[in-house]
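These notes concern the structure reproduced below.
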Amino acid sequence: MIEKQSTLIVFWRRQPLAGHCLIVGAGPGLGLSLARRFGARGMAVGLVARRAAALDEYVDQLRGEGLAVEAAAADVADRTALKHALQILMDHQGTPDILIYNAFHRAEGLASRMAVDDMLESVRINAGGAVNAVQLVLPGMRAAGKGTILITGGGAAIDPWPALAPLGVGKAALRNFALNLAEELKPEGIHVATVTICDHIAPGTRFDPDRIARVYTDLADEPRGAWRAEVIYR
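And the structure:
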């Protein structure tokens, strides 16, 4: 069934079997692998990405595999648009049990030459989008007294990648946000963790997206007394 309203792309009405996983920053690599991984557990999956046409393709693929998928388009750094998209998804699927922030903005440049605007744009999308997404879903998780927030980080946050200095600044800000959030929310029963991926994601390698997606389900399965705030994936 297709409905048209602002950022809404398409909805497939189906009762979730085991909760709701919301992926903000869905893409053709890790994003789809995460959707398949959590969807295979019987979870309803919500996808958010900037490009509506790409979302249509992802939804078609995942539905063809028998997964319950809904999607809405928004720029993650535009808080108003993201709020509208998330509200549409939450109206249909409920508060997410798992929020995955997987948005990525590649920013190139040497530290000695990078433009301040490039650096700030990296922070705006890589970290600012995460702040927006978390703050918009957190009230529901707090009301439920539980939830899991998983954030896709990058090795540029902890190791120098000279040609990608603006990216490193953005990912470092994201990592700092995630680790602070983990400490803040742990007493409230909400598990926050970042997966710091230290190389380029590529099928058929150690950094195969399906392989990395298993790290996210492992984190989601951790009992409260054994919560990790970060996995550095090398």
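Going by this note's numbering, the first residue of the sequence shown is number 1, and it counts up by one from there. Yeah, the Cβ is synthetic: ideal placement off N, Cα and C, and Gly gets one too.
- Query: Whose C-beta lies closer than 7 angstroms to the C-beta of residue 136 among residues of the same chain, with five residues either side of it excluded?
  - Reply: 82, 83, 86
- Out of curiosity, what's the CA-to-CA distance linking residue 20 and residue 156? 30 angstroms
- Query: If you compare alpha carbons, which of 38, 214, 88, 25 is closest to residue 126?
  - Reply: 25
- In this structure, does DSSP put residue 134 in helix, strand or coil? helix
- Query: Starting from residue 246 and walking both ways along the beta strand (DSSP E), at which residues does that stretch end?
  - Reply: Residue 246 is absent from the structure shown; the chain starts at 1 and stops at 234.
- Task: May I have the straight-line CA-CA distance separating residue 141 from residue 27, to the nearest angstrom?
- Result: 25 angstroms
- Taking all protein chains shown into account, do 16 or more other C-beta atoms lie within 10 angstroms of the C-beta of residue 175, making it buried, or fewer, making it exposed? buried
- Message: I need the DSSP call for residue 231, collapsed to helix, strand or coil.
- Response: strand
- In terms of residues, what are the limits of the beta strand (DSSP E) holding residue 194? 190 to 197
- Query: By the 10 Å Cβ neighbour count, where 16 or more other Cβ atoms means buried, how is residue 75 classified, buried or exposed?
  - Reply: buried
- Item | Meets three-Cβ-pair contact criterion under 8 angstroms: the region 40 to 58 and the region 87 to 95 | yes
- Inter-residue spacing [alpha-carbon to alpha-carbon] between residue 215 and residue 195: 8 angstroms
- Quick one: grab the DSSP three-state call for residue 39. helix
- Exposed or buried, residue 113, counting other C-beta atoms within 10 Å across all chains shown (16 or more means buried)? exposed
- Message: For residue 152, report the span of its beta strand (DSSP E) as first-last.
- Response: 147 to 154
- Task: Would you check if the region 203 to 218 and the region 163 to 180 touch, i.e. whether three or more CB-CB distances between them fall below 8 angstroms?
- Result: no
- Message: Which residue wins for smallest C-alpha separation from residue 104, given the options 201, 218, 226?
- Response: 201
- Cβ neighbours of residue 235 in the same chain (closer than 8 angstroms, five flanking residues each side left out): Absent from the structure is residue 235, since the part of the chain shown begins at 1 and ends at 234.
- Message: What does the Cβ neighbour count give for residue 219, buried or exposed, with the cut at 16 atoms within 10 Å?
- Response: buried
- Item | Simplified DSSP assignment, three categories, for residue 98 | strand
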